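Trainee:
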Amino acid sequence: MFGRRAKREAEVTDVLGQVRAHPPGSALRSAALDQLVNLDAEVVVEQALALCRDGRPDDTVAGLDALRNVPASLVPPHLWPEIGQVTGALCRPDQRDAEILAAALPVHASAVTPERDPAELLMAMFRHEDGRVRAAAATSADAAHDPVSVIGSLLALLDEDPLPDVADAAATGLAHTVCRDPSAAEVFTALFAAHLDDPGQAAHAWHRARTLLHGAPDPGDGPGPALTDDLRDELREQLANLHGLDWSNADIRALVIDLFIDTVNGSMRRYAPAPGWDAPGRRAAVRDLLQRARALPAGSEGRDELLLQLIPDVAAPAWTDRHAVNIAVDEALALGDDALGDDALGVEALAILVSFGHAGRSRQIRAALADLRARRPDDPIVLTAMLRTYSGLAARGRLDPDADSVDEFVLDLLGHEDATVRATAAASSDLPGSAAADRIAERLIRLIDQDPDPAVRANAALGLAGMPDAGNATEALVRLLDSPDPVIRAHTLTWAVEAGRPDALPRLLDELADPGVRWEFLFLVQNLEDHMDSLPRRLHKDFTAALARLDETGWANRATPDAVDPDEILADATATVQFLTPIR
Numbered sequence: 001m002f003g004r005r006a007k008r009e010a011e012v013t014d015v016l017g018q019v020r021a022h023p024p025g026s027a028l029r030s031a032a033l034d035q036l037v038n039l040d041a042e043v044v045v046e047q048a049l050a051l052c053r054d055g056r057p058d059d060t061v062a063g064l065d066a067l068r069n070v071p072a073s074l075v076p077p078h079l080w081p082e083i084g085q086v087t088g089a090l091c092r093p094d095q096r097d098a099e100i101l102a103a104a105l106p107v108h109a110s111a112v113t114p115e116r117d118p119a120e121l122l123m124a125m126f127r128h129e130d131g132r133v134r135a136a137a138a139t140s141a142d143a144a145h146d147p148v149s150v151i152g153s154l155l156a157l158l159d160e161d162p163l164p165d166v167a168d169a170a171a172t173g174l175a176h177t178v179c180r181d182p183s184a185a186e187v188f189t190a191l192f193a194a195h196l197d198d199p200g201q202a203a204h205a206w207h208r209a210r211t212l213l214h215g216a217p218d219p220g221d222g223p224g225p226a227l228t229d230d231l232r233d234e235l236r237e238q239l240a241n242l243h244g245l246d247w248s249n250a251d252i253r254a255l256v257i258d259l260f261i262d263t264v265n266g267s268m269r270r271y272a273p274a275p276g277w278d279a280p281g282r283r284a285a286v287r288d289l290l291q292r293a294r295a296l297p298a299g300s301e302g303r304d305e306l307l308l309q310l311i312p313d314v315a316a317p318a319w320t321d322r323h324a325v326n327i328a329v330d331e332a333l334a335l336g337d338d339a340l341g342d343d344a345l346g347v348e349a350l351a352i353l354v355s356f357g358h359a360g361r362s363r364q365i366r367a368a369l370a371d372l373r374a375r376r377p378d379d380p381i382v383l384t385a386m387l388r389t390y391s392g393l394a395a396r397g398r399l400d401p402d403a404d405s406v407d408e409f410v411l412d413l414l415g416h417e418d419a420t421v422r423a424t425a426a427a428s429s430d431l432p433g434s435a436a437a438d439r440i441a442e443r444l445i446r447l448i449d450q451d452p453d454p455a456v457r458a459n460a461a462l463g464l465a466g467m468p469d470a471g472n473a474t475e476a477l478v479r480l481l482d483s484p485d486p487v488i489r490a491h492t493l494t495w496a497v498e499a500g501r502p503d504a505l506p507r508l509l510d511e512l513a514d515p516g517v518r519w520e521f522l523f524l525v526q527n528l529e530d531h532m533d534s535l536p537r538r539l540h541k542d543f544t545a546a547l548a549r550l551d552e553t554g555w556a557n558r559a560t561p562d563a564v565d566p567d568e569i570l571a572d573a574t575a576t577v578q579f580l581t582p583i584r
């Protein structure tokens, strides 16, 4: 018995060592934390508490992360008082380390007893100067004994907090608080699910829910609020992501309510007027940046890097980000009114803003692209930027396949004399519009087999993998799994994994056995979690060993021409395989 206990302790020590070795929030720390659920919960809690008492801030946060990752139902009852005592000390009023406080709050809130209501502590933390602490308090709000005591504060965070991340956390806390009352959760779920197709009615549904949460009478059905075109498009795009959820599943009610609130409330705040925001200053800065970009060669890496500065800081999101991006869109569109020589700069900027900046103005952008197509430009840089812009719009559901006729545009450019245009068109071949799908698939197969340019052949395989139901695509994809070109094999193997072919994972393992394996195969490993919940035990062992060999033999240190960070992609692939650990 003692030997088995020692083995369990060693397993936990090893995994907690992995947790401590990686920074908070990293993929590898998250993957290590996910392993804890498969270990002895009592041992995990005991060792995590020891880390919390250690006194070193990094170890304290690691211990708190571990405690938060153990399902409450698995924690032995006799350990809850100790958890409450240790985390309570870390949440004391003189705690100056916001990272520790933010990590301790959720654990402490879950350790409350009938005699100790965390509402007072949570209310104080809602007003903390550090957004991480406010967010942690918001996500812990459902621990309050009386939901009414925190609902008003959560709504205030949704309305007023200066940080989008805190409002996101408030949506989560509000959803879980509402779900403490099953009848209320059922009402809100039905209300929200009924209005996913109409942005105006979705906004009105959120207004009705807020009214009910404030304790006022239900205003009932009615017209939605007046929405700008940009806000309507934003809501439609974001609500489309909620369609695939199982709204009838009571087990995920908190999740669907959370996502709806965050989507509607967040979109409306991002497009709300921003008094005091320096719009003229932003416009001047955009014009200056575009002027500097004009001096650089069209299509150059330097110009692309400069244009990326039009995107607000992703690491520090702000409520004014949509306003900032749309000013840049307006200025990029204005370049199209100049001489033809500025078309490239304008469309290059639009491609970046649409693909990476959540740009609005979709109608204006589509109209500008249609006008440009009518002028029949033949500049390869302009054409590739147009394709990238269309791809960005399509990925966000902002194209009208019939009105935009993008499939015909792509089909035409698949035969362009410039290889870069052909390659970009091939990668864009799964854009909306099915009228030409069979013809596009036929052209892609021909490019894969006959085009002299390797980038065109590779992108044609990528495009074909995205439209397996068109023409003879599936037959060709099966054949291309044995292509001598590793990039073509990687793209077709992506299709095979998505299709659930029984030979897909063994083929992927065979590729990983090559010490010089292409990064595309590791990227496929990195995204396996999109297609499965766990790996079979034998395959999990083999994938783990294969990635470890690549790490030990220095795969990440090899030179790569692909502008992909090998260290990062190997680490992410390893984290994914850890995440897909078979459940015991």
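When we follow the working numbering, the leftmost residue of the sequence shown carries the number 1, and every step to the right adds one. Just so it is clear, CB atoms sit at the ideal spot from N, CA and C, and this is done for glycine as well. Predicted, not measured: the structure shown is a model, and the values here were computed from it.
On the criterion of 16 or more Cβ atoms from any shown chain inside 10 Å, does Ala441 qualify as buried, or is it exposed?
Mentor: Locating residue 441 in the sequence shown gives position 441, counting from the first residue. Under this definition Ala441 is a buried residue.
Trainee: Hey, Glu331 and Val286 are a contact pair by Cβ (cut 8 Å); roughly how many whole angstroms apart?
Mentor: Counting from one through the sequence shown, the residue named residue 331 turns up at place 331. Counting from one through the sequence shown, the residue named residue 286 turns up at place 286. Indeed they touch by this definition, with Cβ atoms about 5 Å apart.
Trainee: Can you tell me where the alpha helix (DSSP H) with Gly266 in it begins and where it stops?
Mentor: Indexing the sequence shown from 1 puts residue 266 at position 266. First-last of the alpha helix (DSSP H) with Gly266: 253 to 270.
Trainee: Is it true that the region 383 to 392 meets the region 362 to 374, where meeting means three or more beta-carbon pairs spaced less than 8 Å apart?
Mentor: Taking 8 Å as the limit for Cβ pairs, the verdict is that the region 362 to 374 does touch the region 383 to 392.
Trainee: Applying the criterion that 16 or more other CB atoms from any shown protein chain within 10 Å of the CB defines a buried residue, is Gly220 buried or exposed?
Mentor: Residue numbering aside, residue 220 sits at position 220 when the sequence shown is read from its first letter. When all chains shown are included, Gly220 counts as exposed.
Trainee: Are the Cβ atoms of Gly152 and Ala111 separated by less than 8 Å?
Mentor: As a first step, residue 152 must be located in the sequence shown, where it is residue number 152. As a first step, residue 111 must be located in the sequence shown, where it is residue number 111. Result no, Cβ atoms of Gly152 and Ala111 do not sit closer than 8 Å.
Trainee: If we count the other Cβ atoms within 10 Å of its Cβ and call it buried at 16 or more, is Glu520 buried or exposed?
Mentor: Residue 520 sits at position 520 when you count from the first residue of the sequence shown. Flag for Glu520 reads buried.
Trainee: Determine the burial state of Glu305: buried for a count of at least 16 other Cβ atoms within 10 Å of its Cβ, exposed for fewer.
Mentor: Against the sequence shown, residue 305 aligns to sequence position 305. So Glu305 ends up on the exposed side.
Trainee: May I ask which residues mark the beginning and end of the alpha helix (DSSP H) holding Leu307?
Mentor: What you label residue 307 is simply residue 307 of the sequence shown in a count that begins at 1. It spans 301 to 307 - the alpha helix (DSSP H) in which Leu307 sits, taken as one unbroken run.
Trainee: Given this structure, state the Cα-to-Cα distance separating Ala136 from Ile327, to the nearest angstrom.
Mentor: Translated into the one-based positions of the sequence shown, residue 136 becomes position 136. Translated into the one-based positions of the sequence shown, residue 327 becomes position 327. Approximately 34 Å, taken between the alpha carbons.
Trainee: Helix or strand or just coil, what does DSSP make of Ala328?
Mentor: On the sequence shown, position 328 is the one that residue 328 refers to. It is helical.
Trainee: With DSSP collapsed to three states, give me the class of Ser30.
Mentor: Counting from one through the sequence shown, the residue named residue 30 turns up at place 30. Of the three classes helix, strand and coil, the one that applies to Ser30 here is helix, per DSSP.
Trainee: Is it the case that the Cβ atoms of Leu307 and Ala293 are separated by a distance below 8 Å?
Mentor: Translated into the one-based positions of the sequence shown, residue 307 becomes position 307. Translated into the one-based positions of the sequence shown, residue 293 becomes position 293. Their beta carbons are under 8 Å apart, which means Leu307 touches Ala293 by this criterion.
Trainee: State the Cα-Cα distance for the pair Arg53 and Thr87, rounded to the nearest angstrom.
Mentor: Mapped onto the sequence shown, residue 53 falls at position 53. Mapped onto the sequence shown, residue 87 falls at position 87. Cα to Cα, the separation comes out at about 10 Å.
Trainee: Just to confirm before moving on: does the CB-CB distance between Pro380 and Thr420 stay below 8 Å?
Mentor: On the sequence shown, residue 380 is found 380 positions in, with the first residue counted as 1. On the sequence shown, residue 420 is found 420 positions in, with the first residue counted as 1. Yes. Within cutoff.
Trainee: Answer with buried or exposed for Glu586, where buried requires no fewer than 16 other C-beta atoms within 10 angstroms of its C-beta.
Mentor: Shown here, the chain extends from 1 to 584; a query on residue 586 therefore has no answer.
Trainee: Could you tell me the alpha carbon to alpha carbon distance between Gly222 and Glu234, rounded to whole angstroms?
Mentor: Residue 222 sits at position 222 when you count from the first residue of the sequence shown. Residue 234 sits at position 234 when you count from the first residue of the sequence shown. Those two C-alpha atoms are separated by around 21 Å.
Trainee: In its own chain, which residues sit with a C-beta less than 6 Å from the C-beta of Ala423, not counting the 5 before and 5 after it?
Mentor: Along the sequence shown, read from residue 1 onward, the residue named residue 423 stands at position 423. Ala455, Val456, Asn459.
Trainee: How would you label Val15, buried or exposed, when you count the other beta carbons within 10 angstroms and need 16 or more for buried?
Mentor: Here residue 15 is taken as the residue at index 15 of the sequence shown, counted from 1. Its Cβ being crowded by 16 or more others within 10 Å, Val15 is buried.
Trainee: If I measure Cβ to Cβ from Phe523 and keep anything under 7 Å in the same chain, skipping five residues before and after, which residues do I get?
Mentor: Stepping through the sequence shown from its first residue, residue 523 is reached at position 523. If we look at Phe523 and ignore the five residues flanking it on each side, its Cβ neighbours are Ile569.
Trainee: Which residue's Cα is closest to the Cα of Val19: Gly63, Glu46, Leu393?
Mentor: In the sequence shown, counting from the first residue as 1, residue 19 sits at position 19. When only C-alpha atoms are compared, the closest one is Gly63.
Trainee: Would you identify the three-state DSSP class for Trp80, choosing helix, strand or coil?
Mentor: Taking the sequence shown and counting its residues from 1, the one referred to as residue 80 is at position 80. Trp80 falls in the helix class under three-state DSSP.
Trainee: Would you call the region 183 to 200 in contact with the region 253 to 264, where contact means no fewer than 3 C-beta pairs closer than 8 Å?
Mentor: Yes, they touch.
Trainee: For the putative contact between Leu477 and Arg489, defined by C-beta atoms under 8 Å, what is the C-beta separation to the nearest angstrom?
Mentor: For the purposes of this step, residue 477 is identified with residue 477 of the sequence shown, where counting begins at 1. For the purposes of this step, residue 489 is identified with residue 489 of the sequence shown, where counting begins at 1. In fact, because the Cβ distance is near 11 Å, the residues do not count as touching under 8 Å.
Trainee: Who are the near neighbours of Asp451 in its chain, counting only those whose CB is closer than 6 Å to its CB and skipping five residues on each side?
Mentor: Along the sequence shown, one-based indexing puts residue 451 at 451. Hits under 6 Å: Arg457.
Trainee: Between the alpha carbons of Tyr271 and Asp229, how many angstroms are there, rounded?
Mentor: For the purposes of this step, residue 271 is taken as residue 271 along the sequence shown, with counting starting at 1. For the purposes of this step, residue 229 is taken as residue 229 along the sequence shown, with counting starting at 1. Taking the straight line from one Cα to the other gives about 11 Å.
Trainee: With a floor of 4 residues, list each alpha helix (DSSP H) that falls wholly inside the region 433 to 490, ordered by position along the chain.
Mentor: With a minimum length of 4 residues, the continuous alpha helix (DSSP H) runs that stay inside the region 433 to 490 are 437 to 450, 454 to 465, 473 to 480.
Trainee: If you follow the alpha helix (DSSP H) that Thr139 is part of, which residue opens it and which one closes it?
Mentor: Here residue 139 corresponds to residue number 139 of the sequence shown, with the count starting at 1. That run of the alpha helix (DSSP H) goes 131 to 139.
Trainee: Kindly provide the ranges of any alpha helix (DSSP H) runs that are 4 or more residues long and lie completely inside the region 38 to 101, ordered along the chain.
Mentor: Qualifying alpha helix (DSSP H) stretches, in chain order: 41 to 53, 57 to 69, 80 to 90.
Trainee: For Ser355, which residues in the same chain have their Cβ closer than 6 Å to its Cβ, ignoring the five residues on either side in sequence?
Mentor: Within the sequence shown, the letter at position 355 stands for residue 355. The residues are Gly392.
Trainee: Do you know how far the Cα of Arg439 is from the Cα of Ala465?
Mentor: For this step, residue 465 is matched to residue 465 along the sequence shown. For this step, residue 439 is matched to residue 439 along the sequence shown. Distance between the alpha carbons of Ala465 and Arg439: 15 Å.
Trainee: Output needed for Ser267: all residues of its chain with C-beta closer than 8 Å, excluding positions within five of it in sequence on either side, in chain order.
Mentor: Here residue 267 is taken as the residue at index 267 of the sequence shown, counted from 1. Hits under 8 Å: Leu231, Glu234, Leu235, Gln238.
Trainee: Note down the Cα distance separating Arg549 from His243, rounded to an integer number of angstroms.
Mentor: The sequence position of residue 549 within the sequence shown is 549, counting from 1. The sequence position of residue 243 within the sequence shown is 243, counting from 1. Rounded to the nearest angstrom, the two C-alpha atoms are 42 Å apart.
Trainee: Let me know the secondary structure DSSP gives Gly415 once reduced to three states.
Mentor: On the sequence shown, position 415 is the one that residue 415 refers to. Here Gly415 sits in coil by DSSP.
Trainee: Pick helix, strand or coil for Ser429, following the three-state DSSP scheme.
Mentor: Within the sequence shown, the letter at position 429 stands for residue 429. Coil at Ser429, not helix or strand.
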